[in-house]
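So the sequence shown is residues 2 to 254, counted in the working numbering.
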Amino acid sequence: MPHAPSDFYRTHLAGLHQRLQNSPIARTYLTGTGIRFDGVDLLPADQFELPFGSFSTVEFAHLFSVFDGSRVHQQVAKESVQDAPPGLYFTVVNNHVIQNPHKNRLGIYTDQRGEADLFIDGLHVDHYFLNEHQTPPTLGTIAFALCAITAHLAGLSQVSLVAAGGRGFDGRYVGYKVWPKLGFDAPLEPGEVAHVPHLAHCTTVQQVLVADSAWWEDQGSQRLMTFDLATDSTSWQKLLPYVSRKLSHERLP
């Protein structure tokens with residue numbers, strides 16, 4: 002891992018990180034074994050380089066949700082496609098864990114924002130589907146928690162994705178209500194809650210969830226969301242107790 006653990010990691014994340022790695026689901030699906038990377042079989046202790054440091058196969062698997070027995074292909078995306086920024090992407094193929102015919106795709110990017118030319122290193126989740134009929138119900142939660150903690154250790158600033166579905170969008174998708182439970186947030190659209198007096202003070206999705214989570218489940222909709230990896234962010238405050246509860250009720254199918 003390229004960076005020394007932060008004080009926040011030591012005080013708030015280290016214990017949970019250990020619990021996650023020792024959980025039956027992580028030991029079944031996320032041990033870094035059986036991974037084939039661009040035609041080369043990887044061992045869990047193998048090291049390879051990413052633009053921001055050296056990672057073991059296990060750390061790589063946790064960062065990009067590469068489940069055991071997966072094939073992984075690396076591609077450089079030079080242009081933005083929809084909401085996926087240019088960057089280095091990894092396509093994950095696993096016919097057992099990932100819902101057929103989908104392939105998961107996650108990548109890292111460097112974005113220049115604002116007048117101060119601040120470069121933000123982030124991870125973008127472009128496609129992410131699990132086979133709910135063949136995987137435990139908490140696999141997605143545990144996989145993302147490991148992803149977020151590993152991204153924090155790697156010094157990344159945020160995780161972004163399009164939380165799909167909801168009012169006016171494809172009804173097959175429920176990301177708009179699932180990802181906020183894991184700490185993802187986004188600004189509300191102008192006037193989105195103007196007709197809802199008890200939500201008039203809200204400016205973000207997370208504020209709506211605090212005030213009336215049922216309203217968001219019924220009226221919320223698709224948008225680009227981010228998980229803030231900074232120390233003690235609102236994202237962590239939402240994720241950590243949620244994951245702890247899920248670990249307490251963890252089970253395999």
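Ideal placement from N, C-alpha and C gives every residue a C-beta, glycine not left out.
Three-state secondary structure (DSSP) of residue i
{"i": "Ser214", "result": "helix"}
{"i": "Ala85", "result": "strand"}
{"i": "Glu50", "result": "strand"}
{"i": "Arg20", "result": "helix"}
Contact check, residue i vs residue j, beta carbons under 7 Å
{"i": "Val67", "j": "Val73", "result": "yes"}
{"i": "Leu230", "j": "His134", "result": "no"}
{"i": "Leu89", "j": "Gly123", "result": "no"}
{"i": "Ser222", "j": "Gly167", "result": "yes"}
{"i": "Ala155", "j": "Leu21", "result": "no"}
{"i": "Ala187", "j": "Arg224", "result": "yes"}
Residue i versus residue j: straight-line alpha-carbon distance, rounded
{"i": "Arg106", "j": "Cys148", "result": "13 Å"}
{"i": "Ser234", "j": "Val244", "result": "16 Å"}
{"i": "Arg173", "j": "Gly184", "result": "22 Å"}
{"i": "Asp69", "j": "Thr58", "result": "11 Å"}
{"i": "Ser161", "j": "Gln48", "result": "26 Å"}
{"i": "Ser249", "j": "Ser236", "result": "20 Å"}
{"i": "Ala27", "j": "Glu190", "result": "37 Å"}
{"i": "Lys178", "j": "Trp217", "result": "7 Å"}
{"i": "Arg11", "j": "His4", "result": "13 Å"}
Proximity winner among the options, relative to residue i (alpha-carbon distances)
{"i": "Leu140", "options": "Leu31, Val59 and Pro6", "result": "Leu31"}
{"i": "Arg37", "options": "Arg11, Glu60 and Val93", "result": "Val93"}
{"i": "Val98", "options": "Ala215, Pro138, His13 and Lys182", "result": "Pro138"}
{"i": "Pro242", "options": "His13, Ala212 and Ser7", "result": "His13"}
{"i": "Gln75", "options": "Pro45, Gly40 and Leu44", "result": "Gly40"}
{"i": "Lys104", "options": "Met226, Tyr110, Phe65 and Pro191", "result": "Phe65"}
{"i": "Thr34", "options": "Ser7, Phe9, Glu60 and Gln19", "result": "Glu60"}
{"i": "Glu50", "options": "Gln159, Leu131, Ile109 and Leu240", "result": "Ile109"}
Counterpart residues of residue i in DSSP-defined beta bridges
{"i": "Arg224", "result": "Ala164"}
{"i": "Asn95", "result": "Paired residues: none, contrary to the question."}
{"i": "His74", "result": "Thr92"}
{"i": "Gln159", "result": "Gly123 and Asp229"}
{"i": "His128", "result": "Arg106"}
{"i": "Pro45", "result": "DSSP output for Pro45 lists no bridge partner at all."}
{"i": "Arg37", "result": "Asp42 and Arg72"}
{"i": "Thr111", "result": "Asp122"}
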